[in-house]
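Colleague: After the C-alpha cells below, expect a handful of questions from me.
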Amino acid sequence: MLSAVERKVEQFINDLNDKEISALYSKLPHGKRLRAKLILKIAGSNLSAIKTAAVVEMIHAASLLHDDVIDDAYTRRSKPSLNALYGNKTAIMFGDVLYSKGFLELNNISTEVARIVSNAVVQLSLGELKDVSLSKTFNTDKDIYLEMIYQKTASLIEASAGAAAILAGKPKSVYLTYGRNLGLAFQMIDDLLDITSNSETLGKPALHDFVEGKTTLPYIYLYEVLDDAQKVKLRSLHAKVLTKEEEEWITQKMDEHQILLKCYAQAKELIDEAVELMNEHGEEVLSDIAQEMIDREF
Ligand code: FPP
Ligand code: MG
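Each residue of the sequence shown is one higher than the one before, counting from 9 in the numbering used here.
Take a look at the structure:
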C-alpha cells in the first residue's frame, strides 16, 4: 500500500527533471511514513489519498531537512544527515524544492485538503520558530512547551488525519483529535528517547536536546521538583556541552524523581484517548497504530 505513495513521490521528483534533485532524493532516508500510513488507513488507497500522502511526506521530509540544519544535527535515523553530507545550503534548497513541489501538487487534490494541509505547514513553521526561540532561555512553562510541540509536530499529523477524513467522508473532528493526540504523544516520546537512548540506538548524542538548549517536558518536570540549589545547578548546565558527571547528575536526578515515568504516563493518556476514539469508530488498525507508538522500547 505504502509503495504506491513511494511511487507517487518518485513521480513528483521525476517531473522536476533535475539530476541533482533525483540524486539527493536517492540519499534521503525514508523513515516510518507514519503520516502516509494514517492517510491511507483512513481514506483507503485511492488516487486522491495517495497524492495527499505523497505531498504530506514531501513536506515532512522538507521540514526535517530544515530542522537538521537548524538543530546542527549531523545524523538522521542513524545515518549522516543531508546537511552533514552536502552542507547546509544544499539541504535547505532541497527542502525548498520538496515542499514547493508538494504545494504545487496540493492544488490538484481539493481546496479543503489544500487548506488543511497548508494551514498545518504554517503551524509547523511557527512551532519550529518557537522551538528555536525557546531554546535561547531555560523554559519552565509546560503549557508553552505543549503549544510548541502541538505546532511543530502534532499539527501535520492532525492535518493528515483530518484531510484523509475529508477525502473519505468520515467525521473530521474525530480524526483531527486522533491525529492531534498521536502527534503530541509522538513528540513527547521523541523527547523522552533523547534522554533514554544513546548515540548507537538513537543515532544522535545523548541529552542532545538539553545541550541544544531545549527544555523538553522531562526537564520542566525535573526543575519543578528540585530544591533551590539543584535548580541553580540545572540552569547552569542548560545549553552547554556536558561532562560525563554532569550528564549522570541529570539522569540520576530524573531517576530519583521518576520523571520519565511521569512523562510517559502523560503521553499514554493521550494515546489511550486516541485508542478509545478509534475503537468507538471501528478503526482497529488506527487504534493499533496508536498503541504501537507507546509500546516502543525506552
Ligand atoms: C523536528 O523536531 C521538527 C519538526 C517536526 C518540524 C520542523 C519544521 C520546520 C523546519 C518548519 C517547516 C519547514 C518546511 C520546509 C515545511 P525535533 O528537532 O524535536 O525532532 P528530531 O529529533 O526528529 O530532530
Ligand atoms: Mg531536530
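Idealized CB from N, CA, C, for every residue including glycine.
Taking K150 as the reference, which of N127, M262 and M196 has the closest Cα?
Modeller: One-based indexing of the sequence shown puts residue 150 at position 142. If we check each option's Cα against that of K150, M196 comes out closest.
Colleague: Quick check: is any heavy atom of the ligand MG less than 7 Å from the C-beta of A81?
Modeller: Locating residue 81 in the sequence shown gives position 73, where the first residue counts as 1. Yes; taking the cut-off as 7 Å, the Cβ of A81 has a heavy atom of the ligand MG nearer than that.
Colleague: Strictly by DSSP, which residues pair up with P88?
Modeller: Walking along the sequence shown from the start, residue 88 turns up at place 80. DSSP lists T83 as partners of P88.
Colleague: Identify whether A169 lies in helix, strand or coil by the three-state DSSP scheme.
Modeller: Locating residue 169 in the sequence shown gives position 161, where the first residue counts as 1. DSSP places A169 in helix when its eight states are reduced to three.
Colleague: From the DSSP output, in three-state form, read off I250 for me.
Modeller: To locate residue 250, count along the sequence shown from 1; it is residue 242. In the sequence as displayed, the identity of residue 250 is Leu instead of Ile. DSSP places L250 in coil when its eight states are reduced to three.
Colleague: Count the C-beta pairs between the stretch 166-181 and the stretch 44-54 that are closer than 8 Å, then say yes if the count reaches three, no if not.
Modeller: Enough Cβ pairs lie closer than 8 Å, so yes.
Colleague: Between which two residues does the alpha helix (DSSP H) holding D299 run?
Modeller: In the sequence shown, residue 299 corresponds to position 291, counting from 1. The question names Asp, yet the displayed sequence has Gln at residue 299. Residues E292 to I302.
Colleague: For I117, which of helix, strand or coil comes out of DSSP?
Modeller: Working through the sequence shown from its first residue, we reach residue 117 at position 109. Here I117 sits in coil by DSSP.
Colleague: Note down, in chain order, each residue of its chain lying with its Cβ closer than 6 Å to the Cβ of L46, except the 5 sequence neighbours on either side.
Modeller: Here residue 46 refers to the residue found at position 38 when the sequence shown is read from its first residue. So the list reads S168 and A169, once near-sequence residues are dropped.
Colleague: Which term fits N147, buried or exposed, when burial requires 16 or more other beta carbons within 10 angstroms of its beta carbon?
Modeller: As a first step, residue 147 must be located in the sequence shown, where it is residue number 139. Per the 10 Å Cβ criterion, buried.
Colleague: Across the stretch 228-241 and the stretch 185-202, are there enough close Cβ pairs to call them in contact, namely three or more that are closer than 8 Å?
Modeller: no
Colleague: Would you kindly work out how many angstroms separate the C-alpha atoms of G103 and A237, rounded to a whole number?
Modeller: As a working note, residue 103 is residue 95 in the sequence shown. As a working note, residue 237 is residue 229 in the sequence shown. So the two alpha carbons sit approximately 44 Å from each other.
Colleague: Excluding sequence positions up to five away, which residues of its chain have a Cβ less than 6 Å from the Cβ of L106?
Modeller: Within the sequence shown, residue 106 is the residue found at index 98, counting from 1. Only M66, A69 and A70 meet the Cβ criterion.
Colleague: Can you say whether G187 is buried or exposed, counting buried as having 16 or more other CB atoms within 10 angstroms of its CB?
Modeller: Reading the sequence shown from its first residue, position 179 is the one you call residue 187. Burial call: buried.
Colleague: When you compare the CB positions of V13 and R41, do they come within less than 8 Å of one another, or not?
Modeller: Residue numbering aside, residue 13 sits at position 5 when the sequence shown is read from its first letter. Residue numbering aside, residue 41 sits at position 33 when the sequence shown is read from its first letter. Their beta carbons are under 8 Å apart, which means V13 touches R41 by this criterion.
Colleague: What is the C-beta distance between L24 and K97, in whole angstroms, given that I count them as a contact (C-beta under 8 Å)?
Modeller: By 1-based counting over the sequence shown, the position of residue 24 is 16. By 1-based counting over the sequence shown, the position of residue 97 is 89. Between K97 and L24 the Cβ distance is about 18 Å, and since that is not below 8 Å, they are no contact.
Colleague: Please confirm whether any heavy atom of the ligand FPP lies closer than 7 Å to the CB of D75.
Modeller: Along the sequence shown, one-based indexing puts residue 75 at 67. Flag set: Cβ of D75 near the ligand FPP.
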